[in-house]
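J.: Mind having a look at this structure? Questions to follow.
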Amino acid sequence: MGSSTLARLLLVLLLTASLAPAWAVPLQVSVTGLSGEYEENVLALLAIYQERNDDSLTVGRIESLHRRASEQIKEALAPFGLYRVEIDAQLTPPATKGAPWVATYRIDPGPPIRIATVDYELTGAGAEDPDLPKTFPLKVGEVLNHEAYEKAKGDLRYALAQGGYLDYRLGQHQVLIDPDAYVAIVDVAVDTGPRYYYGEVRFKQDLLDERFLQRYVPFEAGDIYDPDQLLRLQGRLLGSEYFERVEIEPLRGAGPDPQTVPIEVVARRNKANKYRIGLGFATDVGARMSLEWQRRYIGRFGHKFSTEISLAQQLQQLSAEYKIPVGDPMRDFISIQPAFESYDTATGSGELVQIQAAYSSVTDRGWRRTIGLDFRHEDYELDEGDSDTVFELTPNISWAKTVSDDPIYTKRGYRVRATALGSLEGVVSPTSYLSALAQVKWIRAFAERYRVIARSDLGITLADSLDDLAASRRFFAGGDSSIRGWGLDALGPTDPQTDKTVGGRYLAVGSLELERQIKGPWSAALFTDFGNAFDPDRDYDQKWQQSVGLGLHWKSPIGQVRADVAFALTKDNDDGGLPPARLHITIGPDL
């Protein structure tokens, strides 16, 4: 390396070293006299405070920021009606070498300005509309708050748009400040213009019958024009899965009169078929694989078909559903559901073939109500003396409702389901009975990291005897979603001769769980489960059972992955020591 090059390099290093202190001037900023939202807004808008720790801060930059600080403080306090702000601003250079610059702002916000006059004028076709505000929400004597003023204008604009006044105009909208009298004058003048109404809705698509699509329209020709209803129409059509793209265009000027607006809907059909492959695991049934095929549309009236096969170590299922939309196609449908099931668990084994026809609708209060008729053939064996082949025709009705902020990982929500079913002896069925089951799950988050999860299952069967009742119509307890610490359907009245669980006519199960987030998606849980299935009419062993346990949960995109260890407190333990333990692994959403 030449001597001249080396000299230039040394010069650059010396200059860099000499400039380095100027690149990192320390600064302290003190703001006093304010609290709450006043202080928060000032600190958010005060540039010298925001840049106080900037690595490139220079003396020149500090002085420039200080000169602008008083104006920024006044701007930050003006939205709260503070227009007589007094500021004592001081910028003190370092007292000693290495000490920081100190910027001090002592603020007296003064009294807030109050509203002396509110001038509000509403003209046009909506002047007498009872749904439009006849007075402006801000009141004389109130403290002027610019955020409240802007919100009031936004609410007014929204009310005008919802009321069909598409050409409304805010001719005058201002707040005038009288500095001498220290009062504010609010002046708002609105010309609503004419009112518009919906015309006919025209569909441009090549998939479904026009009459069927009209059932998705949430308004009628002649209704007041409300833009929110167009968004709702678009959401309903996309939610049906018939279409992958939906565009809605109001055709102003194309109606029979200037105030009638026809609507044109352009929709592009979705792919006809949808496939899904699933892999999972649950302690109750073991490893599981599922294959599902959905046909999104059949024919011109929106019929749908789906079928699924689920294969697990202890349970194999094949099901299908043909769905016919009726009434409101988003909520109401008729379904025909054939199904086959084969199971082989520690409790029993069997095969079930059934077909169900049902009508399902949503009530005004959000309950899903399903009325159905179920024909089934079941071949089962619970123990050596309790096996049979049963044909059954069962009317049934159910109500279900789920409310949650997030069904995958719920912080606030619940799920309720109630079912009643029965049969008459001689009408295909071998015995008469009436059965009811209520299931509730409730979740509530608190203290930021905690959740309480409670659930309960209560059931009753009215019958002379359970001997002629199929295994699937009896109540059992135990398993991942029942009483942990025992296997699937392991609890219930037990035959003293065979020690096999044969099921009961009553069910009472409860669970209480406390979960705490540990870090990121991980959480830990403590829980207790309790209850059993009972049949007081049988001289079988039956008692209240309880378990306690702890779990480690991981929040995944498809729901919680739960690994729970449950200790069966009431289970016989000949070895002494800790109660028998059982691991339960489940995957899925909370509700």
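Mapped onto mature numbering (1 follows the signal peptide of the UniProt record, and there is no 0), the consecutive letters of the sequence shown carry residue numbers -24 to -1, 1 to 567. Here a beta-carbon is modelled for each residue, glycine too, at the ideal position from N, C-alpha and C.
Have a look at Leu22, Thr236, Tyr385 and flag the residue whose alpha-carbon is nearest the alpha-carbon of Ala79.
T.: As a working mapping, residue 79 is identified with position 103 in the sequence shown. Taking only the C-alpha atoms, the option nearest Ala79 is Leu22.
J.: Please say whether Thr259 and Asp505 have beta carbons closer to each other than 7 angstroms?
T.: Locating residue 505 in the sequence shown gives position 529, counting from the first residue. Locating residue 259 in the sequence shown gives position 283, counting from the first residue. No, they are not a contact pair.
J.: Give the range of the beta strand (DSSP E) segment to which Asn17 is assigned.
T.: The residue you call residue 17 lines up with position 41 of the sequence shown. Where Asn17 is concerned, there is no enclosing beta strand (DSSP E), although the alpha helix (DSSP H) it sits in stretches over 12 to 21.
J.: Taking the C-alpha atoms as reference points, what is the distance between Pro176 and Asp204?
T.: Along the sequence shown, read from residue 1 onward, the residue named residue 176 stands at position 200. Along the sequence shown, read from residue 1 onward, the residue named residue 204 stands at position 228. Just to set this straight, residue 176 is Glu in the shown sequence, not Pro. Cα to Cα, Glu176 sits roughly 17 angstroms from Asp204.
J.: Grab me the residues of Tyr356's own chain with a C-beta within less than 7 angstroms of its C-beta, minus the 5 sequence neighbours each way, in chain order.
T.: Reading the sequence shown from its first residue, position 380 is the one you call residue 356. Same-chain partners within the cutoff: Gly324, Gly326, Ser363, Asp364, Ala446, Ala447.
J.: Quick one: complete beta strand (DSSP E) runs, 3+ long, within the region 288 to 345?
T.: Runs found: 291 to 301, 309 to 320, 325 to 338.
J.: Report the three-state DSSP secondary structure of Ala482 (helix, strand or coil).
T.: Stepping through the sequence shown from its first residue, residue 482 is reached at position 506. Reading off the sequence shown, one finds Tyr at residue 482, where the question assumed Ala. The answer is strand: DSSP assigns Tyr482 an E or B state.
J.: Does DSSP put Val35 in a helix, a strand or coil?
T.: Numbered from its first residue, the sequence shown carries residue 35 at position 59. Of the three classes helix, strand and coil, the one that applies to Val35 here is helix, per DSSP.
J.: Just tell me which of Val338, Arg145, Gly303, Phe367 has its CA closest to the CA of Ile331.
T.: What you label residue 331 is simply residue 355 of the sequence shown in a count that begins at 1. Of Val338, Arg145, Gly303, Phe367, the residue nearest in Cα terms is Phe367.
J.: Return the bridge partner residues of Tyr426 from the DSSP annotation.
T.: As a working note, residue 426 is residue 450 in the sequence shown. According to DSSP, which records beta bridges pairwise, Tyr426 is partnered with Phe422, Arg492.
J.: How long is the line joining the alpha carbons of Gln415 and Ile436, rounded to whole angstroms?
T.: Start at 1 with the first residue of the sequence shown, and residue 415 comes out as number 439. Start at 1 with the first residue of the sequence shown, and residue 436 comes out as number 460. Approximately 12 angstroms, taken between the alpha carbons.
J.: For Lys250, which residues in the same chain have their Cβ closer than 7 angstroms to its Cβ, ignoring the five residues on either side in sequence?
T.: One-based indexing of the sequence shown puts residue 250 at position 274. Result list for Lys250: Gln270, Arg272, in chain order.
J.: Once DSSP output is grouped into helix, strand and coil, what is the label at Glu196?
T.: The residue labelled residue 196 in the question sits at position 220 within the sequence shown. Coil.
J.: Taking the alpha-carbon positions, what's the Val18 to Val119 distance?
T.: Taking the first residue of the sequence shown as position 1, residue 18 is located at position 42. Taking the first residue of the sequence shown as position 1, residue 119 is located at position 143. If I take the Cα positions, the gap works out to 19 angstroms.
J.: Which ranges does the beta strand (DSSP E) cover as unbroken runs of at least 3 residues, wholly within the region 67 to 133, from first to last along the chain?
T.: DSSP runs (the beta strand (DSSP E)) wholly in the region 67 to 133: 77 to 84, 90 to 99.
J.: From Tyr192 to Asp440, what does the alpha carbon distance come to, in whole angstroms?
T.: The residue labelled residue 192 in the question sits at position 216 within the sequence shown. The residue labelled residue 440 in the question sits at position 464 within the sequence shown. Going by the C-alpha atoms only, they are around 49 angstroms apart.
J.: Using three-state DSSP, classify Leu410 as helix, strand or coil.
T.: The count along the sequence shown starts at 1 and reaches residue 410 at position 434. Residue state, collapsed to three classes: strand.
J.: Flag this pair as yes or no: are the beta carbons of Trp375 and Ala396 separated by less than 7 angstroms?
T.: Within the sequence shown, the letter at position 399 stands for residue 375. Within the sequence shown, the letter at position 420 stands for residue 396. Result no, Cβ atoms of Trp375 and Ala396 do not sit closer than 7 angstroms.
J.: Tell me which residue opens and which closes the beta strand (DSSP E) that Pro2 is part of.
T.: As a working note, residue 2 is residue 26 in the sequence shown. Where Pro2 is concerned, there is no enclosing beta strand (DSSP E), given that its DSSP letter is neither H nor E.
J.: Along the chain, where does the beta strand (DSSP E) that runs through Ser186 open and close?
T.: To locate residue 186, count along the sequence shown from 1; it is residue 210. Looking at the sequence shown, residue 186 is not Ser but Glu. Not the beta strand (DSSP E): Glu186 falls in the alpha helix (DSSP H), residues 186 to 190.
J.: Run through DSSP, which three-state label would Pro203 get?
T.: Counting from 1 along the sequence shown, the entry for residue 203 is found at position 227. Helix, per DSSP.
J.: Go ahead and pull the three-state DSSP assignment for Ser40.
T.: Against the sequence shown, residue 40 aligns to sequence position 64. Of the three classes helix, strand and coil, the one that applies to Ser40 here is helix, per DSSP.
J.: Between Phe309, Leu328, Arg460, which lies nearest to Ser337 when the distance is taken from Cα to Cα?
T.: Taking the first residue of the sequence shown as position 1, residue 337 is located at position 361. The shortest Cα separation from Ser337 among Phe309, Leu328, Arg460 belongs to Phe309.
J.: With burial defined as no fewer than 16 other Cβ atoms inside 10 Å of the residue's Cβ, what is the status of Leu(-14): buried or exposed?
T.: Translated into the one-based positions of the sequence shown, residue -14 becomes position 11. Any reading at Leu(-14) needs caution, since the residue's pLDDT is 42, under 50, leaving its predicted position unreliable; the model's value is listed next. Leu(-14) is exposed by the Cβ-count criterion.
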